[in-house]
Amino acid sequence: MAADALIVVTHGDNIDPALDGAIASPIKDAVALGDFQFKAGRTLYVQKPAGLKAQRLVVAAAGAASVKAFKNAVASGLAQLKGLGVKHVVIALGNADEATDKHAEAVAAAAADAAYLYRDTKPSAQPAPVLSKLTLLCSKLAAKDVQRGLARGAAIAAGVTFAKSLANLPGNYCTPTYLGEQARKLGKDHGLKVEVLDRKQIEKVGMGSFLAVAQGSAEPPRFIVARYEGAPKTQAPIVLVGKGITFDSGGISIKPSADMDEMKYDMGGAASVLGTLRAIAELKPKLNLIVLVPTCENMPSSTAVKPGDVVTSLSGQTIEILNTDAEGRLILCDALTYAERFNPACVVDVATLTGACIIALGNHNSGLFSPDDALADQLVAASRNALDPVWRLPLDEEYDDALKSNFADMANVGSRAGGAITAAKFLQRFTGKFRWAHVDVAGTAWKSGAAKGATGRPVGLLTHFVLSHAV
Ligand code: BES
Ligand code: MN
Ligand code: ZN
């Protein structure tokens, strides 16, 4: 096939004897020269390969035969082509196995990742990549499956890209007001119902805990309610709740200055539920989805909430705020209570909630919490299908003791031990009326260091989870 580049992904440590000689012979030559090995991550680049219509050939070794290894190999192949004038890339499986919808989804994800470039506040950024068209080769028999996978993958990739764009924006650009505007725009573009409550309206609802966090900042809070209606109103909706702290300074319990800039990512949960809504609105499954985002800044000031202050949540339960840096749970608890009015089929909240979750799981798995085994299993299954891993952590009642307060129904923090779990136990106190799960993405919503940037996680997991409820 004529193309700017052909990427051939091989697994195992040998080539398929049936592979076209025009591809097989440069591989054999490269192996003989010691220039290529069948090891995950290795690539071979050939310019103007003889006997092929493609202008460039990249052979990418996957190591294992899994979809995950395939996706990583495609990513390596695309990285090899980075900065070249490649517009149209054809991808093919080099072994005898058949491409599936999962391979197609992986290709879409890897391609969107390779094409993503932050430019919003960086005029000196390199020009946008020219890569604009992808083809995945498959048999006629597999074509329908592969097309379905590409459509799903493209929608998820658009959701991931949207989430990354929101999360990467600096806090002085991505304010609660901006998030509200973006939600409105998303609604306009995709025919969704979007309401954005301002401070007065939030006061009227009675979200005393959310407002306590917001009161320290001159930047006004917003509460976003966005609905996708793909099924009759009689069908109970899935509700997704995302933590939308557009900057977390810690408040009066101020954080140390090292890496504090990364707290612009404290709205990663909000970005991911909005990204998921985008993916779902594009795929139009037969189900109802509601996205709730409480969003504000957490700042120290003369109007800020103080350690020891007691606030009344929307649920009527009172909270002694012992640490103003445990603000995520304070905004989420009111959003969870607000979710009750929709009689949801289930509620999943997503939050960059605790540093303790990073200590527990590192930067690979998100933390999953749910008292509901069936719901937790569905989320784990979705995470596997999406290659967006989660690991379940416990919610035994014993952990709840840490939240006892002498001056309110509960304190907002326990001791340092099991910090991700006690945060989840706090949230659980607001979820008695529905099936609920909590995903802590503190370690997975963004990357630190030289490659600092949002990941768009867990849009893949959430989209797969929501899609699994289509009727
Ligand atoms: N947004 C942070 C959690 C966080 C920290 C996410 C570092 C990613 C990286 C959250 O609001 C917070 O400050 N949590 C505190 C809770 C503590 C005071 C009980 C934490 O984890 O230290
Ligand atoms: Mn905090
Ligand atoms: Zn926070």
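The sequence shown begins at 1270 in my numbering and counts up by one.
Beta carbons are placed, not taken as given, at the ideal position from N, Cα and C, and that holds for glycine.
Nothing here was measured: the structure is a model prediction, and the numbers come from that model.
Those residues which DSSP pairs with residue i across a bridge
i, result
"serine 1684", "DSSP, once it has assigned bridges, lists no residue as partnering serine 1684."
"isoleucine 1559", "Arg1496 and Val1508"
"aspartate 1709", "Ala1620 and Gly1636"
"arginine 1491", "Thr1564"
"leucine 1313", "Val1328"
"alanine 1723", "Trp1715"
"valine 1463", "Ala1495"
"methionine 1679", "Ile1588"
"threonine 1581", "Thr1587"
CB contact flag (residue i, residue j, <8 angstroms)
i, j, result
"serine 1639", "alanine 1706", "yes"
"threonine 1564", "proline 1490", "yes"
"valine 1358", "glycine 1422", "no"
"isoleucine 1690", "leucine 1664", "yes"
"alanine 1330", "threonine 1279", "yes"
"alanine 1436", "alanine 1720", "no"
"glycine 1281", "phenylalanine 1305", "no"
"alanine 1378", "leucine 1400", "no"
"valine 1482", "leucine 1622", "no"
"leucine 1438", "alanine 1373", "no"
"leucine 1350", "alanine 1274", "yes"
"valine 1735", "leucine 1558", "yes"
"leucine 1591", "alanine 1500", "no"
"alanine 1769", "isoleucine 1425", "The shown model of the chain, from 1270 to 1740, leaves out residue 1769, and the question about it has no answer."
"serine 1486", "glutamate 1596", "no"
"isoleucine 1360", "isoleucine 1276", "yes"
"serine 1541", "valine 1728", "yes"
"glycine 1454", "isoleucine 1521", "As written in the sequence, residue 1454 is lysine, which differs from the glycine given in the question. Going by C-beta atoms, lysine 1454 is not nearer than 8 angstroms to isoleucine 1521."
"threonine 1752", "glycine 1624", "Not covered by the structure: residue 1752. The range shown for the chain is 1270 to 1740."
"alanine 1730", "alanine 1655", "This sequence places leucine at residue 1730; alanine is not what is there. A contact, by the Cβ cut-off of 8 angstroms."
"alanine 1411", "alanine 1368", "yes"
"threonine 1700", "leucine 1561", "no"
"alanine 1309", "alanine 1291", "no"
"glycine 1538", "valine 1619", "yes"
"leucine 1672", "phenylalanine 1703", "no"
Residue i: first and last residue of the uninterrupted alpha helix (DSSP H) it sits in
i, result
"glycine 1597", "1597-1608"
"threonine 1732", "1728-1736"
"phenylalanine 1516", "It is not in any alpha helix (DSSP H) - phenylalanine 1516 instead sits in the beta strand (DSSP E) that spans 1513-1517."
"isoleucine 1292", "1290-1302"
"alanine 1548", "1537-1552"
"glycine 1332", "Run containing glycine 1332: none in the alpha helix (DSSP H); it sits in the beta strand (DSSP E), 1325-1332."
"valine 1826", "Past the edges of the chain, shown from 1270 to 1740, lies residue 1826, and the structure says nothing about it."
"valine 1574", "Looking at the DSSP string, valine 1574 is not in any alpha helix (DSSP H), and its letter there is neither H nor E."
"phenylalanine 1479", "1477-1483"
With 16 other Cβ atoms within 10 Å as the buried cut-off, status of residue i
i, result
"lysine 1340", "buried"
"glutamate 1345", "Here the sequence assigns serine to residue 1345, which means glutamate is not the residue at that position. When all chains shown are included, serine 1345 counts as buried."
"asparagine 1675", "exposed"
"leucine 1583", "buried"
"glycine 1585", "exposed"
"threonine 1503", "exposed"
"tyrosine 1442", "exposed"
"glycine 1511", "buried"
"arginine 1610", "exposed"
"threonine 1390", "exposed"
"arginine 1685", "exposed"
"threonine 1572", "exposed"
"glutamate 1667", "exposed"
"glycine 1352", "exposed"
"lysine 1322", "exposed"
"arginine 1388", "exposed"
"histidine 1633", "exposed"
"proline 1525", "exposed"
"leucine 1546", "buried"
"glutamate 1450", "exposed"
"methionine 1270", "exposed"
"glutamine 1697", "buried"
"serine 1408", "exposed"
"leucine 1302", "exposed"
"asparagine 1681", "buried"
Run of the beta strand (DSSP E) containing residue i, from where it starts to where it stops
i, result
"threonine 1446", "Careful: threonine 1446 lies outside any beta strand (DSSP E), inside the alpha helix (DSSP H) at 1445-1459."
"leucine 1275", "1274-1280"
"lysine 1470", "Note on residue identity: the sequence assigns glutamine, not lysine, to residue 1470. No beta strand (DSSP E) holds glutamine 1470; the alpha helix (DSSP H) holding it covers 1468-1474."
"leucine 1812", "Past the boundaries of the shown model lies residue 1812; the chain is included only from 1270 to 1740, so the question cannot be answered."
"valine 1336", "Looking at the DSSP string, valine 1336 is not in any beta strand (DSSP E); the run it does join, the alpha helix (DSSP H), is 1336-1349."
"threonine 1587", "1587-1589"
Cβ of residue i within 8 angstroms of any chain B Cβ
i, result
"valine 1740", "Protein chains in the displayed structure number just one, and chain B is not present."
Ligand 4 heavy atom lying under 7 angstroms from the CB of residue i
i, result
"alanine 1595", "Absence of ligand 4 is noted for the structure shown, with ligand 1, ligand 2 and ligand 3 being the only ligands found."
3-residue-minimum beta strand (DSSP E) runs that sit fully inside the stretch 1596-1677, ordered along the chain: 1615-1620, 1635-1638 and 1659-1661
Entirely enclosed beta strand (DSSP E) segments - the stretch 1369-1412, minimum 3 residues: 1402-1405
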